[in-house]
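Numbered according to my numbering, the sequence shown spans residues 4 to 207.
See structure below.
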Amino acid sequence: MDAENREDSIYFARLSEQGERYEDMIKYMKKVAKFGQELSNDERNLLSVAYKNSVKTRRDAWRTIQAIRNKEELKQTKYLPLITHYKEKIEKELRDICNDVLDLLESDLLKNSENPEAKVFFLKMKGDYYRYLGEFMENDEKKKVIDKAQDSYQQAQNEAEKLKTTHPIRLGLALNYSVFYYEILNQPDVACKLAKNAFDAAIQ
């Protein structure tokens, strides 16, 4: 079924969420974004849930297949080319989803966001999806997406200065930015410092 207006699109996005059909949910929330209005907090969360769940299953699958591939590589199994091909299939799906949300963020969501809360939310989201790409890309491609992730997180952090230190979106940003430093840049000291500073500021 196709939704013809914004209200219907939101309804069908919620319906898709209940049925755990996240690709459908993405389709409806993209329609909502294309209406050109600033998304409410609830609508932002719907969009985030749609993409996050869609990408999560594939990130989990990629990690599992990568671990199997590493084991099989040591054994020089005849199935190695098949495992590699399957891993690349998952990587393509991940690229498609990440690039889809990144395009939407650039073309609609950030342009239509006026308040700092929305800007931080979407800039953080931008950083997250570049980070997901950085988990499996290699060489120059990896460096490019890592640089873009860092730039997006930094922009989000600058904008987050306008929010209260206890604001959930500001705290969520600090957590994800610290994960980026820990898992992608392999800088645990910076990651811990970033998370600690956010926590200390929030409890003052």
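Beta carbons: idealized from backbone N, C-alpha and C, even for Gly.
Task: Three-state secondary structure (DSSP) of residue 38 - done: coil
Task: Within 7 Å, strictly: CB atoms of residue 36 and residue 105 - done: no
- [ ] Less than 8 Å between the CB atoms is what I'm expecting for residue 53 and residue 28, so what's the real figure, rounded?
- [x] 4 Å
Open item on the list: Between 86, 170, 112 and 61, which has its C-alpha nearest residue 135's C-alpha?
Closed with: 61
Open item on the list: If contacts are defined as beta-carbon pairs under 8 Å, then residue 41 and residue 116 qualify, I think. What distance do you get, rounded to the angstrom?
Closed with: 6 Å
- [ ] Take every Cβ of the stretch 127-147, pair it with every Cβ of the stretch 172-180, and state whether three or more of those distances are shorter than 8 Å.
- [x] yes
- [ ] Taking the CB atoms as reference points, tell me whether residue 155 and residue 174 lie closer together than 7 Å.
- [x] no
Task: At least three beta-carbon pairs within less than 8 Å, the stretch 65-72 to the stretch 86-94 - done: yes
Task: Beta-carbon proximity check, residue 198 vs residue 184, cutoff 7 Å - done: no
TODO: Could you check how far apart the C-beta atoms of residue 65 and residue 94 are, in whole angstroms? I think they sit under 8 Å.
DONE: 7 Å
Open item on the list: DSSP three-state label for residue 130, please.
Closed with: helix
- [ ] Report yes if the CB atom of residue 100 is closer than 7 Å to the CB atom of residue 57, and no otherwise.
- [x] yes
TODO: Leaving out five residues on either side along the sequence, give the residues of the same chain with a beta carbon under 7 Å from the beta carbon of residue 166.
DONE: 119, 120, 123, 172 and 173
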